[in-house]
Structures are given as C-alpha cells and as structure tokens.
Amino acid sequence: MPLNDESDGFPSALKLLIAGGFGVGKTTFVGAVSEIEPLHTEELLTTAGVGTDRLTGVEGKSTTTVAMDFGRITISRNHVLYLFGTPGQERFWFMWDELSSGAMGAVVLADTRRLDDCFPAVDFFESRGIGFLVAVNEFDKTCRYESDDLRSALDVKPDTPIVRCDARDQRSATGVLISLMQHLLAHQACR
Amino acid sequence: MSGLDTEEHWFDDAAGRLIRPYTVSDGRTEPTTPMELLSMVIATGHRPPGQLGPEHAQALGLCGTVTTVAEVAARLRLPAVVTKILLSDLVDLGVVDARSPDPMADSTNLTVLEAILDALERRI
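Those protein sequence lines, which keep their order, are chains A and B. Be aware that the first sequence starts at 25, since it is given in the working numbering, and climbs by one per residue. Be aware that the second sequence starts at -15, since it is given in the working numbering, and climbs by one per residue.
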C-alpha cells in the first residue's frame, strides 16, 4: 500500500510548530502568514496517576487543559500546511506528544529582552531531532544584537539558522517560513 | 426546546464553556476511530440513520468540505479529544470519512518540501 495515497481525494495536512515564550508573538506570527483568522482549540491532557485504582477511571489521573492557536496555508490540491502556535505559558505542551509528533519543522520565536524564554523550546526541538530555526522578533527595532552575540547567547548548533523578523508583517513572517523550508531542504539533501 | 439550542452555550470569558466537555460524549474519553488533530474529515453525503444530537449535527455540518479535526474542534469550541469522539461516531454512522495524516512520509519528501517552498515564495 502506498504511504501517501492521494487518490482518495484527501489532501495531506503538514504541520509546523511556532514556539517560544509567552507573549513573544506566536499568535501574531500565525495570524500574519495564515490564510484564515487564527483558530483556537484546546486539548485535555491526561497524565496517569501513580498507583492502582480499582475504579480504573479518571480518579487515578490528573487532567490539564492546554490551549493553542493555529492557522493554515493551502500549498496545493494535495497539501495543506498547518501552523500551530505552542502554548507559551504552559510547560505541559512538552508532554503533548501529538502536537510535536510528525511536525516537519519549527520556528522558535525569540524576544531579545527575554532571550531565555525560548530556551525550553530550543532544547525540546534539539532533543527530538525536529529541524528548526530561531526567529528574533524585532517588532520594536530595539535591543538589536550582533549576530555572533545572539548565536553565543542562544547556544544553538552552528547550522541552526538565526533570522530576524517582524511577526506582524506578512512578508517578514513568510520569509521566516521560507528560511525554515530552505534549512529543512538542505538538511534532507545532506542525508 | 429552545434550552437545547446549541447557540445558547453558557460561556464565561475566564472559565470558558460552562459545560463538562465529556457530557456531549456521554462520558466517553476515547474515539472509536483513531484520530489526530490533523486527520482529514469530510461528509460522505449519506443521510444519518436517525436524529443526530445537536453537537453531532453541528460537527457533521462543518464537514461539508474536506477539513481537519483541529478546525472542527475550533469551530465547535470543544476540546479536541471530545471532537474526535463526536467525529468517530459520525464515521461509525457512515456519514463522515476520515483519513489520518502520514506526515513522516511527507516531511522527509524533497518534492513536498520544494512544493511548500515554492508556494511560500509566491505569497511574498
């Protein structure tokens, strides 16, 4: 059976993640590139409790709600790209295997005033082997770092691109996605 | 009857929807058909065998063109897991078709990556 049988009339949905700290502009970024107004959904994450529970129901588990915004870009009849903004304030999205599994790549948005807010996302994508780049959101044109200073502050691998953008601007944000695709393509070509 | 109108959900800005989400799924927490956020769904055009509940009818109405579980969930304002249960019920009734994504096959496919790059460049 073919892995991707497009003859059944269903397009394939592809997933990119837009990550970074709280308030860094993830939803703004998604809104700038999406062909639809960003949509909002949430998932109930259930974590198994410790020990046994004779009722084997929700009693032995704890549940938390993780919310996220997402947008869409139609690539062709066969492919639709979805951009999911990861929940910024929540540590729980790291447990959300479904969100990260199958992600073709990620943008880590960074704010130079709070650079360390993006470190957990950088660690996450590096550990999972998901290709990503860092996009510094310079919406206020302040706190510009030299590229070398940024790279050493972020401590990312030498081949991880660091780009600058204005997350509010469609051209600028789309340019970030183009850089990401070029990075992913170069990575694939090296395999 | 107006009390059952799905447009009249109690909604609180801070707390969200004031209904236990699993109520609409009869307490079930697992869909009968495996579904992911980016599973594609579309109405088959077959008539439901009986009267659908309001949430099921609303979910079916959102599947008129091919869409994703995530989009249906967002438009229903229900958690994704509950939406998956509703949609899997509709699959069981034969009124919705679903297809799980196979992103690993596409994510490493150079042709797909190049198609995305081309499409993005055209948007600038």
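Using N, Cα and C, we set each Cβ at its ideal position, and we do this for glycine too.
On the three-state DSSP scale, how would you describe residue i?
i, result
"A191(A)", "coil"
"L(-12)(B)", "For L(-12)(B), the predicted structure reports a pLDDT of 41, less than 50, and the residue's modelled location is therefore unreliable. The matter cannot be settled from this model."
"D173(A)", "helix"
"H64(A)", "strand"
"V132(A)", "strand"
"M205(A)", "helix"
"R106(B)", "helix"
"D147(A)", "helix"
"F53(A)", "helix"
"V80(B)", "strand"
"S196(A)", "helix"
"S58(A)", "coil"
"T88(A)", "strand"
"N93(B)", "coil"
"D121(A)", "helix"
"I186(A)", "strand"
"K216(A)", "Past the edges of chain A, shown from 25 to 215, lies residue 216(A), and the structure says nothing about it."
"T110(A)", "coil"
"R152(A)", "helix"
"I97(A)", "strand"
"V66(B)", "helix"
"V48(A)", "coil"
Using the beta-carbon of each residue, which ones in chain A are nearer than 8 Å to residue i?
i, result
"T49(B)", "Ordered by position in chain A, no residue passes the 8 Å Cβ test against T49(B), which lies about 11 Å from the chain."
Which bits of chain A does residue i rub up against, with CB to CB less than 7 Å?
i, result
"E39(B)", "Going along chain A, no residue has its Cβ under 7 Å from E39(B), so there is no contact; the nearest lies around 15 Å."
"E20(B)", "E122"
Which residues in chain B sit within 7 Å of residue i, going by Cβ to Cβ distance?
i, result
"F94(A)", "A54"
"G44(A)", "What G44(A) touches in chain B: nothing, since even the nearest Cβ is about 20 Å away."
Who are the neighbours of residue i on chain B, taking C-beta pairs under 9 Å?
i, result
"P35(A)", "M24, V50"
"G49(A)", "The premise fails here: G49(A) is roughly 19 Å from chain B at the closest Cβ pair, so nothing lies under 9 Å."
Name, please, each residue of chain B whose Cβ falls closer than 8 Å to the Cβ of residue i.
i, result
"L209(A)", "L94, L97, E98, L101"
Residues within the region 142 to 161 of chain A neighbouring chain B, beta-carbon criterion of under 7 Å
none
By the 7 Å beta-carbon criterion, what residues does the region 54 to 86 of chain B contribute toward chain A?
A54, E55, A57, A58, P63, A64, V65, R83, P85, D86
Taking a Cβ distance cut-off of 9 Å, strictly less, list which residues of the region 174 to 201 of chain A are near chain B, in chain order.
Q194, R195, T198, G199, L201
Name the residues in the region 51 to 68 of chain A whose C-beta lies less than 7 Å from a C-beta of chain B; which are they?
L63, H64, T65, E66, E67, L68
Any beta strand (DSSP E) of 3 or more consecutive residues that is wholly inside the region 1 to 62 of chain B:
24 to 27
Quick one: which residues of the region 88 to 107 of chain B get their C-beta closer than 9 Å to a C-beta of chain A? List them in chain order.
M88, A89, D90, S91, T92, N93, L94, V96, L97, E98, A99, I100, L101, D102, A103, L104, E105, R107
The region 52 to 60 of chain A contacting the region 85 to 97 of chain A, beta-carbon criterion three pairs below 8 Å:
yes
Just checking, does the region 33 to 40 of chain B make contact with the region 97 to 104 of chain B on the three C-beta pairs under 8 Å criterion?
no
For the region 11 to 19 of chain B and the region 58 to 66 of chain A, state whether three or more C-beta atom pairs, one from each stretch, are separated by less than 8 Å.
no
Does the count of Cβ pairs from the region 35 to 48 of chain A and the region 126 to 139 of chain A closer than 8 Å reach three?
yes
Along the region 97 to 108 of chain A, what residues have a CB closer than 9 Å to any CB found in chain B?
I97, T98, I99, S100, N102, H103, V104, L105, Y106, F108
State whether the region 42 to 53 of chain B contacts the region 74 to 86 of chain B, with contact taken as three or more CB pairs (one from each stretch) at a distance under 8 Å.
yes
Quick one: any contact between the region 175 to 188 of chain A and the region 56 to 72 of chain B, if contact means 3 or more CB pairs under 8 Å?
no
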